Amino acid sequence: MKSMRLIHLKKRKYGTSFFPGENRKWDFSLDSPYPSMFTDEALDSVSVHSQWRISQQSAQESRSCQTRAVHRAEAEVQAGSSSTCCTQTETQPQEELLLQDGLELPGLRDFLQRVEDTVVRELVRNARSHAFDEFQVNWENHRQRVSCLHFLQHTQERGLHVTSVSWNCTGSVIACAYGRIDDGDWSTERSCVCTWNLDRRSLNPKQADLVIHVPTAVTALCCHPEQPALIAGGLYSGEVLVWDTSRTQDPVLVQTGMSADSHREPVYTVAWVPLQKKGEFGVLSAGSAGRVLLWTVDLEQTRFVLSAAYALVPQQLPHSSDSSFKARGSSTVGVTSLALSPWDPDTFLVGSEGGLLLRCSFSSQTPAAVPPEGQSVTLRAPAVFLFKPRSGPVHSIHCSPFHRNLFVSAGTDGLAHLHSLLQAPPLLSLRVSHSYVFQLQWSPTRPLVFAAATGQGEVQIFDLGRRSLRPATTIEGGADQPATCLAFNHRNPHLLAVGRTDGSVGIWQLSHDLTEQGPRESSQLEQIANQVAE
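The structure is reproduced here in structure tokens:
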């Protein structure tokens, strides 16, 4: 067998290959002695263009952007020129200062030189003194410290006296009770309760907004402290009522009527008393028969329910060394005035026809020494302390809203007494009038100020912070028009209502010095309370 030649695979570069990136052609040749069987052949090259590269190049685009040119500029300012001017007074010889009309006063220079050291020493002493730190100069006229805003008078009720006035809890409505203060016997004359809303644009001072007709004289009046439509009243017949002014057709909400529990004498004072349950109030009434009754209102059955009853009996009153008190032999003590303590819910004060002034307690459990008359509750004796008696009936008592131990009282002797609950004699006595004092009341904003309505027609406003015990200001009134009642407006302390016997009610505006509290006023009141009566 013939030996075969090895077949060698030779790689030759010939044209373009099928592989990307290489232009080569592979050729097989046989290096043998038989060349006729294998020959070289030249073939044309085949080129394939890349479609991927073309598509990528066509998808590319170039973009460019350019911000606007920023223009800058520099500027300068220059202040204007300034100039300085000055003046110089001419010197004056010292000798000319001592000349008057060209003549030197004899001895003036020697006097000034002699007292110079003394004057300078006193000026330095005054500069260090605090005697006038709270002194305020009153530049306004004395008569301009009060001004009359409204003069209210219901024309259909002429001939009746205004016996009581009271502001409702919003401070916009004034309620006025009409009756007579000069009747000493039962009165059958019809009366009424009138209200005016001072915030109304169509206020008619001659025509009340609401008139509640009452079959007998109204002797006491008090608006509810939280509900503006409710008014409690006491009548000359002994009845106690509550009116609801929102019910124009039938405003009588509840009334006691004539029963064994009710008063049988004129009711001289009524007041709303907070009960143990928060938000509920009872009505406290007192009359000339010596009984103080606490009523609760049953709204479901629209009736009064007697909750507690107290009777003031002379033999059960606290001991007093005053001989005038021992001479009284009445079976009961007729109540003419009553006041509640805003600091102690268990304490109330009572003034009597005979001049007695008593501190009483709601929680007293001592039975009153009176014969039973069919009452639904047991009468108790409330008196726990007796103050120095007055020389006549006590018409008004009012507790201080700024000190728990102070109160004022007034009556037929024309004096206003400042009392402390801790001692029997008064701390201070002020002459208010030479006639009766029908009512007095503390200012709701000034701890040292109170006002008093007098039988001479004047309303005296006192300021205990003044050195003088004279009135700080006076609201004038005619002698034939006694001021029978007054009431400060707790919502607007600049307003003071004054009722008179001619049936009119004046609404007075007080100045700022009578209504704005001073920096040391409370401390001055504390000093007065700490005094010991002589």
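Residues 198 to 731, numbered by our numbering, are exactly what the sequence shown covers, in order. Even for Gly, the Cβ is constructed at its ideal location relative to N, Cα and C. Just so we're clear, the structure is a prediction, and the values are computed from it rather than from any experiment.
Contact check for residue 416 and residue 400: beta-carbon distance about 27 Å, past the 8 Å limit, so the pair fails to qualify. Non-local C-beta neighbours of residue 505 in its own chain, meaning closer than 6 Å and more than five positions away in sequence, comprise 491, ordered along the chain. Residue 343 has its alpha-carbon roughly 34 Å from the corresponding atom of residue 411.
When the Cα atoms are used, residue 453 and residue 587 turn out to be separated by approximately 33 Å.
Scanning the region 354-378 for uninterrupted beta strand (DSSP E) segments of 3 residues or longer gives 358-364, 370-376, listed from N- to C-terminal end.
Beyond the five residues adjoining it in sequence on each side, residue 595 comes within less than 7 Å, by CB distance, of 536, 604, 605, 637, 638, 639 in the same chain, given in chain order.
When only Cα atoms are considered, residue 484 and residue 324 end up about 59 Å apart. Within the model, the alpha-carbon separation for residue 720 versus residue 571 is close to 51 Å. Residue 511 has its alpha-carbon roughly 42 Å from the corresponding atom of residue 393. If you draw a straight line from the Cα of residue 489 to the Cα of residue 667, it is about 36 Å long.
Under the three-state reduction of DSSP, residue 694 is assigned to strand. The Cβ neighbour count for residue 611, taken over all protein chains shown within 10 Å, is at least 16; the residue is labelled buried. For residue 329, no beta strand (DSSP E) run applies, since DSSP gives it neither H nor E. Each residue's CA atom was taken as its position, placing residue 419 and residue 428 some 6 Å apart.
Every beta strand (DSSP E) of 3 residues or more that sits fully in the region 636-696 is shown, in chain order, as 646-651, 656-660, 670-672, 680-685. Within the DSSP bridge table, the entry for residue 343 names 707 as partners. Bounds of the alpha helix (DSSP H) holding residue 722 are 718-726. Leaving aside the five residues that flank residue 462 on each side, the residues in its chain whose CB is nearer than 7 Å to its CB run, in chain order, 435, 484, 485, 486.
The beta carbons of residue 533 and residue 549 sit about 6 Å from each other, so the pair counts as a contact at 8 Å.
About 6 Å separates the Cβ atoms of residue 573 and residue 458, confirming a contact at the 8 Å cut-off. In the three-state reduction of the DSSP assignment, residue 310 falls in the helix class. Just measuring C-alpha positions, the residue of 542, 413, 670 sitting nearest residue 358 is 413. In the structure shown, residue 564 falls within a strand segment according to DSSP collapsed to helix, strand and coil. Annotation: residue 327 to residue 365 spans about 43 Å, alpha carbon to alpha carbon. DSSP places residue 558 in the uninterrupted beta strand (DSSP E) bounded by 554-558. Our two residues, residue 474 and residue 361, have alpha carbons roughly 29 Å apart in a direct line. When rounded, the separation of the alpha-carbon atoms in residue 471 and residue 509 is 22 Å. Sequence-distant partners of residue 538 (beyond 5 residues in either direction) whose C-beta falls short of 6 Å from its own C-beta, in its chain, are 544, 596. As a beta-bridge residue in DSSP terms, residue 596 pairs with 604. Rounded to whole angstroms, residue 614 and residue 623 show a C-alpha spacing of 6 Å. Here the alpha carbons of residue 369 and residue 422 stand approximately 13 Å from one another. If you look at residue 479, you'll find it in the beta strand (DSSP E) that goes 478-484. Under the three-pair Cβ rule at 8 Å, the region 668-683 counts as touching the region 650-658. Residue state for residue 466 is assigned as strand, using DSSP reduced to three classes. Proximity to residue 348 across 694, 709, 707, 729 peaks at 694, based on C-alpha coordinates. Under the DSSP assignment, residue 394 falls in the beta strand (DSSP E) whose first and last residues are 388-394.
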